[in-house]
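Shown next, in structure tokens, is the structure this report addresses.
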DNA sequence: AAAAATTTTGCAACCGGTTGCAAAGATAAA
DNA sequence: TTTATCTTTGCAACCGGTTGCAAAATTTTT
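Protein chains in written order, with this note's numbering: chain A, 135 to 473; chain B, 135 to 473.
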């Protein structure tokens, strides 16, 4: 257990001390290699005396497995993402993988990030975002690196695994819930207009509403998933043309929107109803009590990592997966109760 | 720009194509190495034709710099940490470093994590937490790896850099602010009792109060930095013995505590006042408006990464740094205004 | 006890890069 | 033009590991 401050011991030194060949040491530290019990003990003894630990990077050179997984994201301002983060890192760790984070928030050149992950020889990449430029994940697939796009939508490419939710159906869910309130003027307050998730939810939303021609629908988009964005957008709607019930693209946006409403003197849910999206932890807190649509974060992430694990272990074929989970409405206090 | 699906080209292949030696290629991709313009163009041409990018891990073998930095944390349930995360990843990226995340939340064996980071040859480690077991950061220092402990307290060891705040002074700040409200029964609702940050803040808090013997003080600790924890602790205080104004260890705890108060029918700040800690984004939201103590997150993190950068660039001496920033009170709506 | 089968071992080459060094080439000085 | 100086280049060794292969050691079979 000796520590030799600074300089870390190598294979060779352990071999010398144990009086065996370097291969023997290597084998001792390689799962399922052939070593006699005698040499193994000699090596382990020497290794622990020197405080030896194998250099995983050097090993990766020959094994071609680094254990590194790129985790790419760009929404570092939405509390929901902390949960995502927590789950992903835990799941990955459990599988012996190490997450290498890329914060795309202000990365001027997204392509450069791709390069970087390639240079670090990541075994795979998780893209966790529904607001990245379309085609971003492609670069990895093109480079032959397994990708799973969490919270994405099954897209144009066959070689990108997608795990997420059925956003169209989620839009329908929201529409039905608002309709059940008896509203005849409802609104859709989406996230960034170009995001696929926003578009899909809108599609489902309108799909259901198309059966209710009497109900007026207004459509707006928040610039991003922030409190301010929700606040501002709702504030301007209050001045223009206010509906009775809104489906907001996100819980944080919902909270912003509700603040704008309350500040303008509207009572929720009596005068205006809100249904959010995500069911982040805070949505259940006493001072929020937001009615919202829950996406099964845990399931999505577990599935993503499993999918990755499968690809990484099965050397040969890579069956691309597209798995979408259903969402559910969580009723709290921002929509009127319906029987 | 050709891509050769799956198989990535190596130094040698580029060299062959360019008709130069492998060294020449290596030098072309090494900052400040000696290559003629002619060879450089030939190499660059060949490289881009093959889609070549150097293998950073192989390089690290000889350069002894991986560019990897361990980022160790355990508080993945506090929104403030998302901000911390965002800032750290950005700051590190800006310096060309890549964060390797360790989520210590449920890592059974903290020591094992240390081993792992060592095996990945991280250039340095950032420990971002004030609630890790004392001595956790030590293991890195012992292995000769630069550590900076963000949000820590200057401790028993000389070789661990610490960047954070003066928690004792923060405790004083809170006490003074509560005293200014004219309360004569105040409370301290701390975080985990064993955390150094909690203890320091309590010390400062009591330090100021010791000058006001008339003021009764009650001390309690929340098990962790969560809503529930704050809620439960406050709920039990309501039953036992309620003060007029509380200093809570964290904004999330504050919100939990306030929920308990409101649910029991107390009005804030008229009947009970609260001052929190952190000034997380949400504290400023309309439905919260929490009076709180802000710690300068951005400054702390920038300083941490700078400190790291310095250590990594200056080959020779490693002047240990201890830098503590001051905090400030952010007045909002959960404490009565004072002239 | 000898032969056959099996396990363990070390050698040497390799993974994808970097780098000290001496030779070759280019440029400047004499 | 010759010599001295500076720059560029390739060779070969090395970074810290892994692994195919054949020899050595051990175990099993006859």
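The beta-carbon is built from N, C-alpha and C at its ideal position, and this holds for glycine as well.
For clarity, every value in this text was computed on a predicted model and none was experimentally measured.
| said: Using 9 Å as the threshold, is the C-beta distance between residue 439 of chain A and residue 307 of chain A below it? | reply: Position 305 of the first chain, counted from the start, is the residue given in the question as residue 439 of chain A. Position 173 of the first chain, counted from the start, is the residue given in the question as residue 307 of chain A. In this structure, residue 307 of chain A does not lie closer than 9 Å to residue 439 of chain A by Cβ.
| query | Using 9 Å as the limit for Cβ to Cβ distance, is residue 254 of chain B near chain A? | reply | Along the second chain, one-based indexing puts residue 254 of chain B at 120. Yes, its Cβ sits closer than 9 Å to a Cβ of chain A.
| field | Delimiting residues of the alpha helix (DSSP H) encompassing residue 498 of chain B | value | The question about residue 498 of chain B has no answer here: the residues shown for chain B are numbered 135 through 473.
| query | Where does the unbroken alpha helix (DSSP H) through residue 190 of chain A begin, and where does it stop? | reply | Translated into the one-based positions of the first chain, residue 190 of chain A becomes position 56. For residue 190 of chain A, the uninterrupted alpha helix (DSSP H) run begins and ends at 190–197, by DSSP.
| query | Around the Cβ of residue 367 of chain B, are there at least 16 other Cβ atoms within 10 angstroms (buried) or fewer (exposed)? | reply | What you label residue 367 of chain B is simply residue 233 of the second chain in a count that begins at 1. By the neighbour-count rule (16 or more Cβ atoms within 10 Å), residue 367 of chain B is buried.
| task | Just grab the DSSP bridge partners of residue 462 of chain B for me. | result | Working through the second chain from its first residue, we reach residue 462 of chain B at position 328. Residue 462 of chain B is bridged by DSSP to B:428.
| task | Examine the ligand PLP and report whether any of its heavy atoms sits within less than 8 Å of the Cβ of residue 207 of chain B. | result | No copy of the ligand PLP appears in this structure; indeed no ligand is present at all.
| task | Say whether chain A places a C-beta atom closer than 9 Å to the C-beta of residue 326 of chain B. | result | Counting from one through the second chain, the residue named residue 326 of chain B turns up at place 192. Output row for residue 326 of chain B: interface = no.
| field | Under 9 Å between C-beta atoms of residue 203 of chain B and residue 442 of chain B | value | Against the second chain, residue 203 of chain B aligns to sequence position 69. Against the second chain, residue 442 of chain B aligns to sequence position 308. In this structure, residue 442 of chain B lies closer than 9 Å to residue 203 of chain B by Cβ.
| query | What residues match up with residue 202 of chain A in a beta bridge as DSSP calls it? | reply | Numbered from its first residue, the first chain carries residue 202 of chain A at position 68. Its beta-bridge partners are A:232.
| field | CB contact check: residue 233 of chain B to chain A, cutoff 9 Å | value | Counted from its first residue, the second chain places residue 233 of chain B at position 99. Cβ-Cβ to chain A under 9 Å: yes for residue 233 of chain B.
| field | Min CB distance residue 136 of chain B to chain A below 9 Å | value | The sequence position of residue 136 of chain B within the second chain is 2, counting from 1. Here residue 136 of chain B scores only 49 on pLDDT, less than 50, and its place in the model is too uncertain to base an answer on.
| Neighbourhood of residue 93 of chain A by C-beta distance below 8 Å, restricted to the same chain and skipping five residues each side | This structure leaves residue 93 of chain A out entirely; chain A is present only between 135 and 473.
| Near residue 348 of chain A, what residues of its chain come up, given a Cβ to Cβ distance below 7 Å and the 5 sequence neighbours on each side ignored? | In the first chain, counting from the first residue as 1, residue 348 of chain A sits at position 214. Only 318 meet the Cβ criterion.
| said: List, in chain order, every chain A residue whose beta-carbon is nearer than 7 Å to that of residue 192 of chain B. | reply: Here residue 192 of chain B corresponds to residue number 58 of the second chain, with the count starting at 1. Correct list: 195.
| Nearest chain B C-beta to residue 224 of chain A closer than 9 Å, yes or no? | Here residue 224 of chain A refers to the residue found at position 90 when the first chain is read from its first residue. Closer than 9 Å to the CB of residue 224 of chain A there is at least one CB belonging to chain B.
| query | Using CA coordinates, which residue listed in B:284, B:251 and B:302 is at the minimum distance from residue 277 of chain B? | reply | Along the second chain, one-based indexing puts residue 277 of chain B at 143. Here the closest residue by C-alpha is B:251.
| Beta-carbon proximity list for residue 209 of chain B, same chain, < 7 Å, skipping 5 on both sides | Locating residue 209 of chain B in the second chain gives position 75, where the first residue counts as 1. Closer than 7 Å at Cβ, skipping near neighbours: 215, 263, 265 and 359.
| Residues near residue 468 of chain A in its chain [Cβ-Cβ closer than 6 Å; skip 5 each side] | Here residue 468 of chain A refers to the residue found at position 334 when the first chain is read from its first residue. The answer, listed in chain order, is 402, 403, 408, 424 and 425.
| query | By the 10 Å Cβ neighbour count, where 16 or more other Cβ atoms means buried, how is residue 260 of chain B classified, buried or exposed? | reply | As a position in the second chain, residue 260 of chain B is number 126, starting the count at 1. With 16 or more other Cβ atoms within 10 Å, it is buried.
| task | Would you kindly check if the distance between the Cβ of residue 143 of chain A and the Cβ of residue 172 of chain A is under 9 Å? | result | Residue 172 of chain A sits at position 38 when you count from the first residue of the first chain. Residue 143 of chain A sits at position 9 when you count from the first residue of the first chain. The Cβ atoms of residue 172 of chain A and residue 143 of chain A do not sit closer than 9 Å to each other.
| Other residues of its chain near residue 330 of chain B: CB distance less than 6 Å, five sequence neighbours each side excluded | In the second chain, residue 330 of chain B corresponds to position 196, counting from 1. Cβ within range, chain order: 287.
| With 16 other CB atoms within 10 Å as the buried threshold, where does residue 141 of chain A fall? | Translated into the one-based positions of the first chain, residue 141 of chain A becomes position 7. Counting Cβ neighbours within 10 Å, residue 141 of chain A comes out exposed, since fewer than 16 surround it.
| message | Let me see if you follow: with CB-CB separation under 9 Å, is residue 205 of chain B close to chain A or not? | response | Numbered from 1 along the second chain, position 71 holds the residue referred to as residue 205 of chain B. For residue 205 of chain B, the answer is yes, since a Cβ of chain A falls inside 9 Å of its Cβ.
| request: Quick one: residues in its chain with C-beta nearer than 8 Å to the C-beta of residue 363 of chain A, no 5 flanking neighbours on either side, listed in chain order? | output: Position 229 of the first chain, counted from the start, is the residue given in the question as residue 363 of chain A. The beta carbon of residue 363 of chain A lies closer than 8 Å to those of 356, 357, 387 and 390 in the same chain, with the five residues before and after it left out.
| Using a C-beta cutoff of 9 Å, does residue 237 of chain B count as contacting chain A? | Here residue 237 of chain B refers to the residue found at position 103 of the second chain. Yes, residue 237 of chain B counts as interfacial toward chain A.
| task | Could you tell me which residues DSSP puts in a beta bridge with residue 352 of chain B? | result | In the second chain, counting from the first residue as 1, residue 352 of chain B sits at position 218. According to DSSP, residue 352 of chain B bridges with B:321.
| Which partner residues does residue 457 of chain A have in the DSSP bridge list? | One-based indexing of the first chain puts residue 457 of chain A at position 323. BP columns for residue 457 of chain A point to A:297.
| query | Which chain B residues sit within Cβ distance under 8 Å of residue 200 of chain A? | reply | Residue 200 of chain A sits at position 66 when you count from the first residue of the first chain. In chain order, 191 make up the part of chain B whose C-beta sits under 8 Å from the C-beta of residue 200 of chain A.
| At least 3 beta-carbon pairs within less than 8 Å: the stretch 144–154 of chain B vs the stretch 313–327 of chain A | As far as the Cβ criterion goes, the stretch 144–154 of chain B does not touch the stretch 313–327 of chain A, which means the pair count is below three.
| request: Over the uninterrupted alpha helix (DSSP H) stretch that includes residue 269 of chain A, give me the two end residues. | output: In the first chain, counting from the first residue as 1, residue 269 of chain A sits at position 135. Run containing residue 269 of chain A: none; DSSP gives neither H nor E here.
| query | So which residues on chain A does residue 388 of chain B lean against when the C-beta distance must stay under 7 Å? | reply | The residue you call residue 388 of chain B lines up with position 254 of the second chain. For residue 388 of chain B, none of the residues of chain A pass the 7 Å Cβ criterion, the least Cβ distance being about 11 Å.
| task | Below 8 Å on the Cβ atoms is my guess for residue 337 of chain A versus residue 305 of chain A; work out the distance and round it to an integer in Å. | result | Along the first chain, one-based indexing puts residue 337 of chain A at 203. Along the first chain, one-based indexing puts residue 305 of chain A at 171. In this structure residue 337 of chain A is in contact with residue 305 of chain A, their Cβ atoms being roughly 6 Å apart against a cut-off of 8 Å.
| query | Does the beta carbon of residue 147 of chain A come closer than 9 Å to any beta carbon on chain B? | reply | In the first chain, the residue the question calls residue 147 of chain A occupies position 13. The beta carbon of residue 147 of chain A does not come within 9 Å of any beta carbon belonging to chain B, so the residue lies off that interface.
| request: Could you pull out every residue in the same chain whose Cβ sits closer than 6 Å to the Cβ of residue 200 of chain B, ignoring the five residues on either side in sequence? | output: Counting from 1 along the second chain, the entry for residue 200 of chain B is found at position 66. Only 194, 255 and 257 meet the Cβ criterion.
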